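Student: In the numbering used here, the protein residues as written are 48 to 479.
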Ligand code: ADP
Ligand code: ZN
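1. Residue 264 and residue 444: beta carbons closer than 8 Å?
2. Count the C-beta pairs between the region 137–151 and the region 262–277 that are closer than 8 Å, then say yes if the count reaches three, no if not.
3. What residues in its chain sit with their C-beta under 8 Å from that of residue 166, if we drop five residues either side in the sequence?
4. What residues in its chain sit with their C-beta under 6 Å from that of residue 71, if we drop five residues either side in the sequence?
5. Within the same chain, show all residues whose beta-carbon is closer than 8 Å to that of residue 3, passing over the 5 residues directly before and after it, in chain order.
6. Is the beta carbon of residue 326 within less than 7 Å of some heavy atom of the ligand ADP?
7. Judging by CA-CA distance, which residue of 151, 106, 252, 139 is the nearest neighbour of residue 120?
8. Using a Cβ-Cβ cutoff of less than 6 Å, which residues in the same chain neighbour residue 74 once the five nearest sequence positions on both sides are dropped?
9. Is any heavy atom of the ligand ADP found at a distance shorter than 7 Å from the C-beta of residue 469?
10. At which residues does the beta strand (DSSP E) containing residue 415 begin and terminate?
11. Could you tell me which whole alpha helix (DSSP H) segments of length 4 or greater appear in the region 226–297?
12. Would you identify the three-state DSSP class for residue 476, choosing helix, strand or coil?
13. Rounded to the nearest angstrom, how far is the Cβ of residue 328 from that of residue 346, given a contact under 8 Å?
14. Please report the residue range of the alpha helix (DSSP H) in which residue 344 lies.
15. With a threshold of 16 other CB atoms inside 10 Å of the CB of residue 127, please say whether the residue is buried or exposed.
16. What does a CB cutoff of less than 6 Å around residue 54 pick up in its chain, not counting 5 residues either side in sequence?
17. What are the boundary residues of the alpha helix (DSSP H) that residue 78 is part of?
18. At what residue ranges does the region 351–386 contain a whole run of the beta strand (DSSP E), taking only runs of 3 or more?
19. Mind listing, in chain order, the continuous beta strand (DSSP E) runs of no fewer than 3 residues lying wholly within the region 82–153?
20. Can you look up residue 449 in the DSSP assignment and give me helix, strand or coil?
21. For residue 248, count the other beta carbons within 10 Å of its own beta carbon; 16 or more makes it buried, fewer makes it exposed. Which is it?
22. So is residue 322 buried or exposed if we call it buried at 16+ other beta carbons inside 10 Å?
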């Protein structure tokens, strides 16, 4: 279902006009209202008057996560602090958090793009949305909450964790829509199986999963185990939280809400623009944000864009599901590989559970990758020689598909720690 037909099906020409107008106003506000942006633009020799068309966006300097952290907490504010209605931040586990400050209008836009997201997977006012994303400063919880409220659905604001309670509530209240990280949805499925819950008997019908990378095969697993249709949703704190892009009912590529967020793909090494279909780093500009506008943010997420028409009728550009993050990319003896690519290969094999961890070590200046992956009880209790045969087979397939040499270690069910939020896939023991 298309939530906002007017804006989601704008002709490309009208869309470009709207984007141009919004970019001009954004750049004017950032230049005149924010010393940090003014300094950056002056250094790059660009003035607001140089922006005559949306394509002029390439004249503007990029902004990185490190720069955002440097101006913590209020350095990106481009309006009076009294106009800020709500604050969110990134988790800040690797340094100072990044701040997203929303005016009332920004919150309305957030609700709007999240309503689009949930509606494109078929959510209506009749749905009961179990929101198991964390509430609080993390954007996942409240983002989904606002979108579901806008649609008029019933929200169950349970937040993440307490899996038994999730199952109880799901059963008792007749949840129809589940929202959480993809890894947590599998955790819920597993716990439900132990409690002998038959998901096919529950009214669950769709799920909105994001905040971490996942693969097509993982989608299949989730859909089979939970008996629902699983949609990929994408967003990040720096931009607005969830609600930047989402899959439509075709479950193919993710429509970017381009009237609010302008995407570009660049070569992460040179910063040069890349054409449709070529993988690179996603750069996003917030075209309409008032509180903390963001000009050409380097997301470090790897994907590609596709401007071809989608059968659903939306006219926006689409992006491929995130292939990885530049900072999650493992370089194993010169070969670049992302956890989601390994996941895709592992899950092709029967009896393999979507629970895995990648352990990287360096010995004598060489990188060693060990892939630890859970297998079903039946397989794990098989004879040692059969287990070894399977490990060798997986090593061969990983090498054929990704050209990496990895050691595969099959582990018993539940051996890998579960997460209630984002899964931790990489354990990097290298001391560089
Ligand atoms: P943090 O994890 O730093 O607190 P966020 O929660 O804002 O910050 O995380 C945003 C990041 O999460 C994105 O840049 C991207 O790497 C990842 N992400 C979000 N949604 C998806 C998705 N659907 N698929 C893959 N990765 C995603
Ligand atoms: Zn579509």
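Backbone N, C-alpha and C fix where the C-beta goes; we use that ideal spot for every residue, glycine too. This structure is a prediction, so every number in the text was calculated from the model and none was measured.
Tutor: Let's see:
1. no
2. no
3. 48, 49, 50, 198
4. 98
5. Past the edges of the chain, shown from 48 to 479, lies residue 3, and the structure says nothing about it.
6. no
7. 139
8. 95, 98
9. yes
10. 413–422
11. 229–241, 263–273
12. coil
13. 7 Å
14. Per DSSP, residue 344 belongs to no alpha helix (DSSP H); it is in the beta strand (DSSP E), 344–350.
15. exposed
16. 306
17. 59–80
18. 377–379, 382–384
19. 131–136, 146–150
20. helix
21. exposed
22. exposed
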